[in-house]
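Asker: Structure below; questions to follow.
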Amino acid sequence: MSLNLAHNTAWEHPQTVRLFANKPPDERMVAYLSGASPASRVLDLGCAGGRNAYWLARQGFDLYALDASWAMVEHTRNRLRPYLGQAVLQRVLLGRMDDLGVFRCCTFDTVLAFGVLHFAQSRAEFDRALKEITRVTKLGGRLLLSLHSPRSNLDGAVLRLTEEPSVYLRASGRKQVMLEPAQLDQWVGEWGFEPLAPTDEITTPTERGWRTTVRGQYVLTP
Ligand SMILES: C[S@@+](CC[C@H](N)C(=O)[O-])C[C@H]1O[C@@H](n2cnc3c(N)ncnc32)[C@H](O)[C@@H]1O
247 MSLNLAHNTA WEHPQTVRLF ANKPPDERMV AYLSGASPAS RVLDLGCAGG
297 RNAYWLARQG FDLYALDASW AMVEHTRNRL RPYLGQAVLQ RVLLGRMDDL
347 GVFRCCTFDT VLAFGVLHFA QSRAEFDRAL KEITRVTKLG GRLLLSLHSP
397 RSNLDGAVLR LTEEPSVYLR ASGRKQVMLE PAQLDQWVGE WGFEPLAPTD
447 EITTPTERGW RTTVRGQYVL TP
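The working numbering applies: residue 247 is where the sequence shown begins, and numbers increase by one.
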């Protein structure tokens, strides 16, 4: 099967799968969930090669993971099979972040969206994803996310803004939504998420430039 819903074949390359799979689990997620009840239901959106899903499955969390790349889904399923058995087929799903129709309303205690929301091609797609995240999160549930700031220099060149505010054009020709911390707080705040901690940012070198990542932790309020 070679279905790829991300419309970006780069995610299908075995090298890319390995690159993301071999990263250690997200430190903030580990710190945040280490004290949580394993009965917590967690959704890992854009799970890639499963670095976080693997940690969650090993800890015994009630885990679901979703990615738009078939290669990523397949890799994560294989990795989690020793812990979840055949249930991986229901737990690790091929799908898009802006259509979470497989999940009922108010299902998750925690939603993780690390490095995925910025792949929205427009504010409309970004908002559809936020609407879906809001729908599937329990009231009082948490959203941990990270995305690229427009101060990133990912391709070794100044980013080009498109005609739509906060939507930038990458060297690959693909668009990305990129937000400053205050903008991110505002955009997710419009869906009822309030910051649990100050939204911060971290800058790391990339092959051709640098990446500034904005990191937020939110709680869903009525
Ligand atoms: C940078 S990686 C994410 C990294 C992963 N969350 C982690 O922390 O290691 C981006 C992932 O998002 C997936 N992706 C891209 N667009 C998506 C979409 N619209 N819906 C769901 N997943 C998407 C890609 O296939 C890729 O696996």
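Glycine included, each C-beta is placed from N, C-alpha and C at the ideal position.
Taking 7 Å as the line, does the beta carbon of Asn298 fall inside it for any heavy atom of ligand 1?
Answerer: In the sequence shown, the residue the question calls residue 298 occupies position 52. Correct: Asn298 has its Cβ closer than 7 Å to ligand 1.
Asker: Taking the alpha-carbon of Asp272 as reference, which of Asp290, Tyr464 and Leu335 has the nearest alpha-carbon?
Answerer: Taking the first residue of the sequence shown as position 1, residue 272 is located at position 26. Nearest C-alpha to Asp272: Asp290.
Asker: Classify Trp456 as helix, strand or coil using the three-state DSSP reduction.
Answerer: Here the question's residue 456 lines up with position 210 in the sequence shown. Strand at Trp456.
Asker: Run the CB neighbour count on Pro260, radius 10 Å, all protein chains shown included, and call it buried at 16 or more, exposed below.
Answerer: Counting from 1 along the sequence shown, the entry for residue 260 is found at position 14. Label assigned to Pro260: exposed.
Asker: If you follow the beta strand (DSSP E) that Thr383 is part of, which residue opens it and which one closes it?
Answerer: On the sequence shown, position 137 is the one that residue 383 refers to. Where Thr383 is concerned, the enclosing beta strand (DSSP E) stretches over Thr383 to His394.
Asker: Going by alpha carbons, who is nearest to Thr459 out of Leu400, Thr356 and Ile379?
Answerer: For the purposes of this step, residue 459 is identified with residue 213 of the sequence shown, where counting begins at 1. If we check each option's Cα against that of Thr459, Leu400 comes out closest.
Asker: Check whether the region 369-381 and the region 442-457 touch, using three or more Cβ-Cβ pairs below 8 Å as the test.
Answerer: no
Asker: Rounded to whole angstroms, how far is the Cβ of Gly347 from the Cβ of Leu312, which I believe are closer than 8 Å?
Answerer: Here residue 347 corresponds to residue number 101 of the sequence shown, with the count starting at 1. Here residue 312 corresponds to residue number 66 of the sequence shown, with the count starting at 1. Leu312 and Gly347 do not touch by the CB rule: their CB atoms are close to 11 Å apart, not below 8 Å.
Asker: How many angstroms separate the CA atom of Phe365 from the CA atom of Lys421?
Answerer: Reading the sequence shown from its first residue, position 119 is the one you call residue 365. Reading the sequence shown from its first residue, position 175 is the one you call residue 421. Going from the Cα of Phe365 to the Cα of Lys421 covers about 7 Å.
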